[in-house]
Amino acid sequence: MYDKIFHPKEVVLPNGKTVLEKRSRTPLVLLLLIVALILSVNFTDFSLKVLVQRIDKFFDIIVQMVPPKWSSFPAIWKSLLSTLQMSLVGSMIGALLSIPFAVLASANIVRSKTVGVVFKVILSLFRTLPTLVVALIATFVFGLGPTAGVVAILLFTLSYVGKLLYEQIENADMGPFEAMESIGMTRIQAFRYAIFPQVLPGFLSTSLFCFEGNVRYAAILGFVGAGGIGLLINENIGWRDYSGLGMIILALVVTVYLIETVSEHFRKKLI
81 MYDKIFHPKE VVLPNGKTVL EKRSRTPLVL LLLIVALILS VNFTDFSLKV LVQRIDKFFD
141 IIVQMVPPKW SSFPAIWKSL LSTLQMSLVG SMIGALLSIP FAVLASANIV RSKTVGVVFK
201 VILSLFRTLP TLVVALIATF VFGLGPTAGV VAILLFTLSY VGKLLYEQIE NADMGPFEAM
261 ESIGMTRIQA FRYAIFPQVL PGFLSTSLFC FEGNVRYAAI LGFVGAGGIG LLINENIGWR
321 DYSGLGMIIL ALVVTVYLIE TVSEHFRKKL I
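Numbering-wise (the numbering used here), the sequence shown opens with residue 81 and increments by one.
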């Protein structure tokens, strides 16, 4: 359709031959983006004027956080540790569970297309569910507390790591796998010795990266009663105790920075 409206341009090569060069799709893409932006602004009632007029209120709250209430750190420590434990347990279990899910979703490992499609759909479904919504559902099933947070983080990690892992498996070199099958190994054995060593560094790197993000996600799960430091954040916002909130955010920022620094070091070793 686009080529019929905007006819290809004739280009004469140095040897005298004439070829047709298709018109760039960039103008069409830009036009569609502009239309989508205008529709989104109208749908959300976004106002740049209100944003400019009210942005100073955001900085007013930040100013009230400084200096942080240092005396509240002993009370924060336990909740911060709970958040880290939630993230670690959920990330580890989710990453381990992602391995069988990824294998069953890989078209080059599983012969049945139906099984592969089913597990890909399951991973996609878990990935589309917001972590807060999963945590909210988990609080009804498992009650208030860290268990619900662990389940929410577990499902997110399973879907995220599983998606990237099955893509790595499908892009792996199948030569060693087929050779091991030809000498009598089962597909699981061939995967264990031929494919898994190829994807293991990427799997560990992705799992560490996911753990970094899960520490941040776990910090807000307390808003739906899933435990951790999010409960304290919610309480301090409710009581307008912004100096106490500043201490919580400072402790969280330092913790996340340290985890990311250590994790990045190990990920560079793996890649």
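Every residue gets a Cβ at the ideal spot worked out from N, C-alpha and C, and that includes glycine.
Non-local C-beta neighbours of ALA270 in its own chain, meaning closer than 6 angstroms and more than five positions away in sequence, comprise PHE257, MET260 and GLU261, ordered along the chain. DSSP, reduced to helix, strand and coil, places THR211 within a helical segment of the structure shown. Annotation: the continuous alpha helix (DSSP H) that includes TRP157 extends over 153–185.
ARG207 and PHE236 have their C-alpha atoms spaced approximately 6 angstroms apart. Here LEU311 is buried. Its C-beta has 16 or more other C-beta atoms within 10 Å. In this structure ASN316 touches LEU325 by the C-beta definition: roughly 4 angstroms separates them, less than 8 angstroms.
For the 8 angstroms CB-CB criterion, PHE303 and ASN294 do not form a contact. Residue burial annotation: LYS149 is buried, with at least 16 other C-beta atoms found within 10 angstroms of its C-beta. For THR266, the three-state secondary structure derived from DSSP is coil. Inclusion of LEU160 and ILE309 in the CB contact set at 8 angstroms is warranted, their separation being smaller than that value. Shown here for GLU250: same chain residues with a beta carbon closer than 7 angstroms to its own, the five before and five after excluded, namely SER186, ALA187 and ASN188 in chain order. C-alpha of GLY255 to C-alpha of THR266: approximately 15 angstroms in a straight line. Counting along the chain, the unbroken alpha helix (DSSP H) around ALA298 starts and ends at 276–300.
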